[in-house]
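So for the sequence shown, the numbering used here puts the first residue at 68; every next one is plus one.
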Amino acid sequence: MVCVTDNNKPKSMSDAKEWTAEVENLFRFQEAGYRDEVEYIQVKPGALVDKWPVTGFVKKLQLRDDTFLYYSRKRECLDLEVHKVKVYTY
68 MVCVTDNNKP
78 KSMSDAKEWT
88 AEVENLFRFQ
98 EAGYRDEVEY
108 IQVKPGALVD
118 KWPVTGFVKK
128 LQLRDDTFLY
138 YSRKRECLDL
148 EVHKVKVYTY
């Protein structure tokens, strides 16, 4: 569960170095136009983050224009794209 307040701003940012489940989920949020789960919950209050039960990867995200983006239960962040993922620290 993510603790969200109105002034949650990241303190620092770094690029992902290797693939992990956390990097996979960050990739999915960033592909949908959000920084991470914290920003998603701030922008879409009341929206739930659907996750695949087995892998824990994000399953579906609501975009800012109220359309949805669906993801596979398998890994979607290729090794070539890992370095593009931004990891934020709060």
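For each residue, glycine too, the CB sits at the ideal point set by N, CA and C.
Computed from a prediction, not measured in an experiment: that's the story for all the values here.
In this chain, the beta strand (DSSP E) harbouring Leu-128 covers 125-129. Tyr-155 sits in a strand when the DSSP states are folded into three classes. Partner residues in the beta bridge of Lys-118, as assigned by DSSP, are Val-125. Within the model, the alpha-carbon separation for Arg-131 versus Val-110 is close to 8 Å. Annotated as proximal: Tyr-138 and Phe-124, with beta-carbon spacing under 8 Å.
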